[in-house]
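Chemist: In UniProt numbering, the protein residues as written are 2 to 598. Let me begin by handing over the structure; questions about it come next.
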Amino acid sequence: TDLAHIRNFAIVAHIDHGKSTLADRLIETCGGLAAREMTSQVLDSMDIERERGITIKAQTVRLLYRAKDGQDYTFNLIDTPGHVDFAYEVSRSMRACEGALLLVDATQGVEAQTLANAYQAIDANLELLPVLNKVDLPAAEPERIKQQIEDIIGLDASDALQISAKTGLGVPDVLEAIVKYLPPPTGDADAPLQALVIDSWYDPYLGVVTLFRVRNGVIRKGQKIRFMGTGAAHPVDRVGVMTPKPLLMDALGPGSVGFFTAAIKDIADARVGDTITDDRKPATVALEGFRPSQPVVFCGMYPAEADSYETLRDSLGKLRLNDASFEFEPESSGALGLGFRCGFLGLLHLEIIQERLEREFDLDLVITAPSVVYRVHMTDGTSYELHNPADYPDVTKIDHVEEPWIKASIMVPDEFLGPVLALCQEKRGVQQDMTYVGNRAMVVYRLPLNEVVFDFYDRLKSISRGYASFDYQLDGYGESDLVKLDILINSDKVDSLSMIVHRSMAELRGRNTCEKLQQLIPRQMFQVAIQAAIGGKIVARETVKAFRKDVLAKCYGGDISRKRKLLDKQKEGKKRMRQVGQIEIPQEAFLAALKMS
Ligand code: GDP
Ligand code: MG
2 TDLAHIRNFA
12 IVAHIDHGKS
22 TLADRLIETC
32 GGLAAREMTS
42 QVLDSMDIER
52 ERGITIKAQT
62 VRLLYRAKDG
72 QDYTFNLIDT
82 PGHVDFAYEV
92 SRSMRACEGA
102 LLLVDATQGV
112 EAQTLANAYQ
122 AIDANLELLP
132 VLNKVDLPAA
142 EPERIKQQIE
152 DIIGLDASDA
162 LQISAKTGLG
172 VPDVLEAIVK
182 YLPPPTGDAD
192 APLQALVIDS
202 WYDPYLGVVT
212 LFRVRNGVIR
222 KGQKIRFMGT
232 GAAHPVDRVG
242 VMTPKPLLMD
252 ALGPGSVGFF
262 TAAIKDIADA
272 RVGDTITDDR
282 KPATVALEGF
292 RPSQPVVFCG
302 MYPAEADSYE
312 TLRDSLGKLR
322 LNDASFEFEP
332 ESSGALGLGF
342 RCGFLGLLHL
352 EIIQERLERE
362 FDLDLVITAP
372 SVVYRVHMTD
382 GTSYELHNPA
392 DYPDVTKIDH
402 VEEPWIKASI
412 MVPDEFLGPV
422 LALCQEKRGV
432 QQDMTYVGNR
442 AMVVYRLPLN
452 EVVFDFYDRL
462 KSISRGYASF
472 DYQLDGYGES
482 DLVKLDILIN
492 SDKVDSLSMI
502 VHRSMAELRG
512 RNTCEKLQQL
522 IPRQMFQVAI
532 QAAIGGKIVA
542 RETVKAFRKD
552 VLAKCYGGDI
562 SRKRKLLDKQ
572 KEGKKRMRQV
582 GQIEIPQEAF
592 LAALKMS
């Protein structure tokens with residue numbers, strides 16, 4: 002295909018505005034899959050993605066389109082994730098495109114991630130085509146939303162397409178507009194190969210699969226390629242494109258988006274952002290890569306049964322093959338034994354990995370409260386990054402501690418503005434900016450990441466009845482008055498329940514945690530004292546009274562099947578318990594500190 006007949010584009014939108022539905026429609030219209038093969042949202046390939054209705058990994062698909070001018074075009078559509086945790090994957094998909102459809106729900110309007118994604122696309126020099134979706138709904142207000150796009154994003158929306166990805170209305174116009182308004186790629190087929198690695202993952206049948214975008218030159222089967230960053234060289238086994246099923250090809254030239262496989266053992270050798278070149282005729286310079294993603298939230302993951310430690314390690318290793326943005330290393334805890342400290346892009350990312358471990362590898366896990374990365378500066382002048390509150394050093398040796406901050410943009414209808422500002426204030430936020438568009442406010446706050454990791458997102462959603470939207474970027478480190486809060490159970494410090502909190506909130510959080518634990522820890526044969534301590538000083542105490550209910554006492558003389566049921570029920574309840582010393586603590590307790598509201 003000549004370059005003039007290729008279009009590489011992404012669809013960017015706020016979550017739920019209809020990206021995946023539109024992608025399905027485009028695939029269907031271009032006949033990529035026969036109708037019987039269409040499951041809904043074909044690009045969301047992982048089960049969890051489909052169930053939760055979110056897109057985690059950016060996927061790509063090649064479409065063939067015969068335009069009204071009678072010419073055939075090759076479209077490479079790159080689906081992007083919508084959640085803030087995965088902003089990094091959005092930026093990397095954009096590097097493979099010349100244009101993007103900016104999809105806006107005509108009943109909702111511009112939301113925080115519409116704006117964030119639009120700015121990212123503009124920064125990446127993409128041509129943006131505004132598209133209003135869901136115009137089939139009576140609540141759609143296309144004219145008002147067009148004005149909003151112009152006012153907030155500064156993009157001319159007078160000719161914005163009005164479509165329904167659900168019914169298919171206007172979808173043919175989208176295909177024509179892609180041909181007409183989005184620019185074709187440029188590149189030189191005769192120059193040395195330069196292809197950017199957009200993604201890589203481990204496929205059980207194909208091995209390590211590398212997704213790339215060719216800038217210059219040609220990649221072909223049998224060619225020996227070299228990764229310019231790592232220097233590793235491999236002969237190419239297979240070259241192909243996703244349709245969305247893999248379709249093998251002999252070669253792919255400039256402007257193409259495709260995949261290759263080779264005898265690559267370790268996914269770390271196919272690093273995202275690296276440049277692929279020809280080993281015999283290498284390019285002199287690598288393409289501009291990506292900033293590596295940085296885990297910002299850490300937690301401990303422990304097997305519920307100590308003998309599944311090896312299984313957990315293998316499973317983490319397998320997941321990591323597919324998701325290089327997540328990290329893990331062994332750690333041990335006095336309370337929980339051997340496990341791993343794992344790093345994630347955000348809380349949703351953490352939940353997804355946890356769910357995959359439990360579902361795909363059948364593991365029962367104990368997860369400790371998530372923590373951000375602190376910078377601890379010691380009196381002797383040294384400093385280090387703290388990933389685990391349990392490793393907090395002796396306070397007398399600490400000079401000061403810094404915590405990560407974020408810059409958050411929140412968009413909210415003005416009737417909910419009051420509670421949103423109060424929430425930001427409560428979370429130690431510092432207001433930076435507030436502007437209005439119509440009856441919607443856009444507020445910008447600096448907030449400590451630590452406070453956002455706890456329950457910020459859930460609370461924002463509930464106080465605004467789901468109407469507030471939120472986006473954030475990391476915004477440096479700042480010194481803070483932080484203390485370590487310890488939880489003691491019958492006078493034993495439980496290291497996996499320790500947390501680092503701001504001094505002003507430490508007592509309250511200590512009290513809340515004790516209350517939560519008192520409700521969660523079942524009665525034992527003896528009394529259980531739960532205490533919270535800051536620097537050795539007890540700030541809260543609760544007691545779980547002794548006496549373990551004999552569940553059988555109730556049905557003395559009753560029939561045996563009823564007894565059996567009760568015993569089974571008790572066993573079930575026990576499954577998710579963790580023995581700490583003499584006391585059984587349920588799994589939820591380790592996350593109890595998380596949900597404080
Ligand atoms: P994504 O998060 O942007 O990928 O959004 P989805 O494609 O998953 O769509 C979110 C929800 O909106 C789903 O329930 C879709 O069925 C629905 N939806 C998407 N497009 C339309 C549309 O044009 N009209 C209507 N009525 N619903 C739509
Ligand atoms: Mg989606």
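We put the CB at the ideal spot given by N, CA and C, even for glycine. As the structure is a prediction and not an experimental result, all values here were calculated from the model.
Whole angstroms is fine: what's the gap from Leu162's alpha carbon to Pro173's?
Modeler: The alpha-carbon atoms of Leu162 and Pro173 are separated by roughly 11 Å.
Chemist: Is it the case that the CB of Ala14 approaches a heavy atom of ligand 1 more closely than 7 Å?
Modeler: Ala14: yes, Cβ under 7 Å from ligand 1.
Chemist: Would you mind sorting Leu553 into buried or exposed? The rule is 16 or more other CB atoms within 10 Å of its CB.
Modeler: Because Leu553 sits at a pLDDT of 49, beneath the cut-off of 50, its placement in the model cannot be relied upon, and the following sentence gives the value as read from the coordinates. It is exposed - the Cβ of Leu553 has fewer than 16 other Cβ atoms within 10 Å.
Chemist: Contact between the segment 407-426 and the segment 374-381: three or more CB pairs below 8 Å?
Modeler: Taking 8 Å as the limit for Cβ pairs, the verdict is that the segment 374-381 does not touch the segment 407-426.
Chemist: In this structure, how does DSSP classify Glu289 when only helix, strand and coil are distinguished?
Modeler: DSSP places Glu289 in coil when its eight states are reduced to three.
Chemist: Between the segment 92-101 and the segment 178-194, do three or more beta carbon pairs fall short of 8 Å?
Modeler: The segment 92-101 vs the segment 178-194: in contact.
Chemist: Rounded C-beta distance between Ile368 and Phe591? I'm assuming under 8 Å.
Modeler: Contact flag correct, Cβ pair sits at about 6 Å.
Chemist: Got a sec, what are the start and stop residues for the beta strand (DSSP E) Lys485 sits in?
Modeler: Leu483 to Ile490 is the extent of the beta strand (DSSP E) around Lys485.
Chemist: Considering only their Cβ atoms, is the gap separating Ile154 from Val136 smaller than 8 Å?
Modeler: It is not a contact, given that the beta carbons lie outside the stated cut-off.
Chemist: Mark Ser505 as exposed unless 16 or more other C-beta atoms lie within 10 angstroms of its C-beta, in which case mark it buried.
Modeler: Exposed is the call here.
Chemist: Cβ of Val219 within 8 Å of Cβ of Gly254?
Modeler: In this structure, Gly254 lies closer than 8 Å to Val219 by Cβ.
Chemist: Pull up the DSSP beta-bridge partners for Asp279, would you.
Modeler: Per DSSP, Ile226.
Chemist: Does the distance between the C-beta of Lys462 and the nearest non-hydrogen atom of ligand 1 fall short of 7 Å?
Modeler: The answer is no for Lys462.
Chemist: Do you know how far the Cα of Asn134 is from the Cα of Pro205?
Modeler: So the alpha carbons of these two residues sit roughly 37 Å apart.
Chemist: Let me know the beta strand (DSSP E) ranges lying completely inside the segment 126-176, each 3 residues or longer, listed in chain order.
Modeler: Fully enclosed beta strand (DSSP E) runs of 3 or longer: 128-134.
Chemist: Determine, using beta-carbon pairs with one atom in the segment 386-396 and one in the segment 349-356, whether at least three such pairs fall under 8 Å.
Modeler: Output reads no: the segment 349-356 does not touch the segment 386-396.
Chemist: Cβ of His388 versus every heavy atom of ligand 1: is any distance shorter than 7 Å?
Modeler: His388 Cβ: outside cutoff for every heavy atom of ligand 1.
Chemist: Quick one: does the C-beta of Gly335 sit closer than 7 Å to a heavy atom of ligand 1?
Modeler: No.
Chemist: Alpha carbon to alpha carbon, how far is Asp200 from Met379?
Modeler: Roughly 40 Å between the two C-alpha positions.
Chemist: Taking 7 Å as the cut-off, is the C-beta of Leu162 nearer than that to any heavy atom in ligand 1?
Modeler: For ligand 1, not one heavy atom lies less than 7 Å from the Cβ of Leu162.
Chemist: Considering only DSSP beta bridges, list what Tyr446 is partnered with.
Modeler: According to DSSP, which records beta bridges pairwise, Tyr446 is partnered with Ala409 and Gln432.
Chemist: Mind checking whether Gln532 and Arg542 have CB atoms under 8 Å apart?
Modeler: For Gln532 and Arg542, yes; Cβs fall inside 8 Å.
Chemist: Based on the DSSP output, what are the partners of Gln474 in its beta bridges?
Modeler: According to DSSP, which records beta bridges pairwise, Gln474 is partnered with Lys408.
Chemist: Using a Cβ-Cβ cut-off of 6 Å (strictly less than) and excluding sequence neighbours within five positions of Phe329, which residues of its own chain qualify?
Modeler: Around Phe329: Leu317, Phe341 and Cys343.
Chemist: Which partner residues of Lys494 appear in the DSSP bridge assignment?
Modeler: Answer by DSSP bridge pairing, in chain order: Leu489.
Chemist: Confirm the yes/no value for this check: CB of Thr115, any heavy atom of ligand 4, distance under 7 Å.
Modeler: Among the ligands modelled here, namely ligand 1 and ligand 2, ligand 4 does not occur.
Chemist: Tell me whether Val373 sits in a helix, a strand or coil according to DSSP, three-state version.
Modeler: In the structure shown, Val373 sits in coil (DSSP, three-state: anything other than H, G, I, E or B).
Chemist: Between Leu138 and Ala14, is the Cβ-Cβ spacing less than 8 Å?
Modeler: Contact flag unset, no.
Chemist: Could you pull out every residue in the same chain whose Cβ sits closer than 7 Å to the Cβ of Leu351, ignoring the five residues on either side in sequence?
Modeler: Cβ neighbours of Leu351 beyond the five flanking positions: Val298, Cys300, Phe345 and Pro371.
Chemist: Less than 8 Å between the beta carbons of Tyr303 and Leu249, yes or no?
Modeler: Not in contact: Tyr303 and Leu249 (Cβ atoms no closer than 8 Å).
Chemist: How would you label Ser94, buried or exposed, when you count the other beta carbons within 10 angstroms and need 16 or more for buried?
Modeler: Buried, because 16 or more other Cβ atoms sit within 10 Å of the Cβ of Ser94.
Chemist: Where does Ala24 sit, in a helix, a strand or coil, going by DSSP?
Modeler: Here Ala24 sits in helix by DSSP.
Chemist: Is the beta carbon of Arg524 sitting closer than 8 Å to the one on Val545?
Modeler: For Arg524 and Val545, yes; Cβs fall inside 8 Å.
Chemist: Within the continuous alpha helix (DSSP H) that includes Cys300, where are the two ends?
Modeler: From DSSP, Cys300 is part of no alpha helix (DSSP H) but of the beta strand (DSSP E) over Val298 to Pro304.
Chemist: Exposed or buried, which one is Arg8 when buried takes at least 16 other CB atoms within 10 Å?
Modeler: Buried: at least 16 other Cβ atoms inside 10 Å.
Chemist: Should Met412 and Glu112 be called a contact, given that it needs their Cβ atoms to be closer than 8 Å?
Modeler: Yes. Within cutoff.
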